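In what follows, a single structure is set out as structure tokens and then discussed.
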Amino acid sequence: MSQEFTTQVLDEIIGAHHNSPSAVIAILQDIQERYHYIPKAAFTPLSRRVGVSEASIYSVVTFYENFSLEPKGRFIFKVCDGTACHVRKSMPILERLRKELALTSDQVTTPDLGFTVETVSCLGACGLAPVLTVNDKVYPAMTPNKVSALVAELKEELSHETN
Amino acid sequence: MTKGVMTIDGVTVEIGEERNVLELIRKTGVELPTFCYHSELSIYGGCRMCIVEDDRGGLIPSCSEEPRAGLVIKTNTQRLRRYRRNILELLLANHCRDCTVCGRSGACRLQDLARSFNITNIRFINTALNPKTDLSSKCVSKDLNKCILCGDCVRVCNEIQQVGAIDFAHRGSRMRVSTSFDIPIADSSCVGCGQCAAVCPTGAIIVKNDIDNVWRELDKKDTLVTVQVAPAVRVALGQAFGLADGENSMGLIVAALRRLGFDRVFDTATAADITVIEESREFSQRLLSLQSMPLFTSCCPAWVNFVEKQYPQLMPHVSTCRSPMQMFASLIGEEYKNCGQRHVHVAVMPCTAKKYEAAREEFKVNGEPNVHYVLTTQELAQMIHQAGVMWDDLEAEGVDTPFSVLSGAGVIFGVTGGVTEAVLRELADDRSSTGLKKIAFVGVRGQEGLKEAKVTVGGRELAIAVVSGLGNATTLIKDLLRGARKYDFVEVMACPGGCVCGAGQPVAALPHRAARGQGLYAADRLSSVKRSEENPLMSILYNGVLKDRSHELLHVHYPGRESHSSI
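Going down the list, the sequences are from chains L and U.
When you line the first sequence up against numbering that gives the first Met the number 0, it's residues 0 to 162, in that order.
When you line the second sequence up against numbering that gives the first Met the number 0, it's residues 0 to 566, in that order.
Put into structure tokens, the structure is as follows:
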């Protein structure tokens, strides 16, 4: 689960980047790493500290696909749909994953914030196609059945964490 | 040393100080079409209308190409015409095409260019997303159906004004000009200066229009409609009727307003005289107590908004004086409160932020605003057109009593440095005409964004800053907060050049702005009363309606004023 947003954490992150306006992207990446998304509450203090307008920060966040303004799940699936993965049938994997978690292309995160399913254009690991990652751990040569097993495993892990 | 020559359409041109090829082309008398190029903004190179062809068939966006010796270019070839047409067609593809009901119709660059490129048919289906118009602000409205993403508004808001209310959000086909989280403009850091509307080449951002409301009031039989006209209006309105920028047409404006049906016409410069007296008193008091120094002027509503939103801790520095418009509105309200009719007061201003100021709670008496409607200079021109009043047949008239006397000091309020000069005339030890001339040359005049002056008053040397453009104001505030600068008096006008360049004025290129300022200084030279205090009306007012009530009628308490600040 992502932690509650605090300005103290934000201050630490911004401080590590010396309040520099040119480090806005790096700061946003650090915020996202910590919370799995960019909390709206971060905008005003970030804007004041680095001297970049909130509208400009919003501009950066909405420009890059990688930044999210929506809270993301504990486990983030990134299913590769690059050319190599696509021809080796990544789509059925994605479909199975969405079916298992009751997600769609619009609703990418489960309501309990357990899982997020996204696609990426290429993970640069075409030799392992079809490939996906879960929180940066790489799962090569996937199949729909393997994905179902993985989801079951992670659900189990999640229930332990929350208990 | 010469930088060499370039060849433009077969003409040899010497390269001077031009920053880019486009400027050089314009110097040769060719007006290349552009949407995203403004000489005072950074270069964006987005619209691609200014492309030119070099002698090897290469295409160059002339706005973002440095002039270099030996370059041979053509600006008008078959290929370039085809590309420009294509660009226009593509821009129109997802553009609202209801020109006849657009607030910018007739003054729209997209419309102009579509016409001059003879675009009669658009081959692409209209893919406009049809988002809702943002009407939240009192000053401007934003309709993304008409946005061509040239970014002019974004750059003027961020670079010149440093307000940062808007920026591009999303990308590709979903890209749009947006506030943070797409909140309504009224809730953003927007201060209402309207400079975005002034640079917008289409109708995507336009100034709110109050004409119909004012017509309704003028039509009512039992309503007395009074109007005040700001100093800056007189040197710009004429532009809409073929006069040169800077030509003073106050007399004709008064005549036109009477023809439109206004019952009493007044000149805001009269109230500016009161502002000068009040502000000078406040300044003298603060000089003695040395509390909340420097004193910031408070005439400009966008500036007041800016301090409230961005630097609330500095609100105690802002003068408690109401703006001349609001001072006058209080006085006029007092004058006509027992007139036996409903009284409605209208102000004609060069300014969009005045529309917000008029609606502020602080300026309401028993729930009624002191100024019911603010019309911009452009709106007044439109009303004159609507009513069919023939401008050329008008004969100049004078304003109405009892507020018919004004000084030159009040008139120059409309130009950057004018308020400061008027206050200095009031405070100066040397009251001779040479003294007056000296004040004019201490450095408060001119179009520069930040001017500094030192003046000795009562044996004390005062440091004064005159700022126009909120970006320049931001720089100054940061320096003040760091302790890098120290002043006693700071005049700020949100629009670069002051009110004469306000967003409610007919749009003017840089050289014309200076002409408008000169027009006000000329009016000042011709006025027989130079100092506000010497305006004979002042003693009448101060011994009459203002007796024991000057604080109530002329000052304002904005929230946040009670906090303490030390710079």
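Built from N, CA and C at the ideal position, the CB exists for glycine as well.
This structure is a prediction, so every number in the text was calculated from the model and none was measured.
The segment 84-95 of chain L makes no contact with the segment 32-41 of chain L: fewer than 3 CB pairs, one atom from each, lie closer than 8 Å.
In the three-state DSSP reduction, U/Val176 falls in the strand class (E or B). Membership of U/Cys195 in the alpha helix (DSSP H) is indicated by the continuous run Gln194 to Val198. One Cα belongs to U/Phe440, the other to U/Glu420, and the distance between them is close to 10 Å.
Where U/Lys437 is concerned, the enclosing alpha helix (DSSP H) starts and stops at Ser432 to Ala439. L/Phe114 is bridged by DSSP to L/Phe74. Ranked by how close their Cα comes to the Cα of L/Glu64, the residues L/Pro129, L/Thr118 and L/Val130 have L/Thr118 in first place. The Cβ atoms of U/Leu223 and U/Ala270 lie no closer than 8 Å to each other. The beta carbon of L/Thr115 sits closer than 6 Å to those of Lys71, Gly72, Ile75, Val107 and Thr108, all from its chain and outside the five residues before and after it, given in chain order. Only those residues of the segment 142-168 of chain U whose C-beta falls short of 9 Å from the nearest C-beta of chain L are listed: Val153, Cys156, Asn157, Gln161, Val162, Gly163, Ala164, Ile165, Asp166, Phe167 and Ala168.
By the criterion of a C-beta distance shorter than 6 Å, U/Val489 is surrounded in its chain by Pro293, Phe295 and Ala464, once the five residues flanking it on both sides are discounted. The segment 133-150 of chain U and the segment 221-240 of chain U do not touch, with fewer than three beta-carbon pairs separated by less than 8 Å. Contact note: L/Lys145 does not reach chain U at a C-beta cutoff of 8 Å; the least C-beta distance is about 34 Å. Under the Cβ distance rule, U/Arg481 does not count among the residues neighbouring chain L, no pair being separated by less than 8 Å.
DSSP places U/Glu158 within a helical segment (H, G or I) once states are collapsed to three.
Taking C-beta separations shorter than 7 Å and ignoring five residues to either side along the sequence, the partners of U/Ser406 in its chain run Asp272, Ser526, Val528, Lys529, Arg530, Ser531, Glu533 and Asn534, following chain order.
Taking all protein chains in view, the Cβ of U/Gln309 is crowded by 16 or more other Cβ atoms within 10 Å, so the residue is classified as buried. Straight through space, the alpha carbons of L/Asn134 and L/Ala15 are spaced by roughly 24 Å.
Residue pairing from DSSP places U/Tyr372 in a beta bridge opposite U/Val345.
Judged by beta-carbon spacing, U/Pro200 lies beyond the 8 Å limit of U/Cys138, meaning their Cβ atoms are not closer than that value. For U/Val303, the enclosing alpha helix (DSSP H) has its first and last residue at Pro300 to Gln309. Of U/Ser38, U/Arg78, U/Gly44 and U/Gly28, the smallest CA-CA separation from U/Glu52 is found for U/Arg78. In the DSSP assignment, U/Pro60 falls within the unbroken beta strand (DSSP E) covering Leu58 to Pro60. In this chain, the beta strand (DSSP E) harbouring U/Met5 covers Val4 to Ile7.
Assignment of L/Val59 by DSSP, reduced to helix, strand and coil, places it in the helix class. Rounded to whole angstroms, the separation of the alpha carbons of U/Asp221 and U/Ala493 is 38 Å. Annotation: the continuous beta strand (DSSP E) that includes U/Val226 extends over Thr222 to Val228.
For L/Phe42, the enclosing alpha helix (DSSP H) begins and ends at Phe42 to Val49. Neighbours of L/Thr118 in chain U, taken as residues whose beta carbon is under 7 Å from its own, are absent, since the nearest beta carbon is some 17 Å off. Secondary structure at U/Tyr520: helix, using DSSP grouped into helix, strand and coil. Going by DSSP, U/Phe265 is part of the beta strand (DSSP E) stretching over Arg263 to Asp266.
One finds nothing in chain L with a Cβ atom closer than 8 Å to the Cβ of U/Phe240; even the nearest lies about 38 Å away.
Where U/Arg96 is concerned, there is no enclosing alpha helix (DSSP H), because DSSP gives it neither an H nor an E. Interface flag for U/Thr474 against chain L is unset, since no Cβ pair is found closer than 8 Å. L/Ser58 reaches chain U at Asp166, Phe167 and Ala168, counting residues in chain order whose Cβ is nearer than 7 Å.
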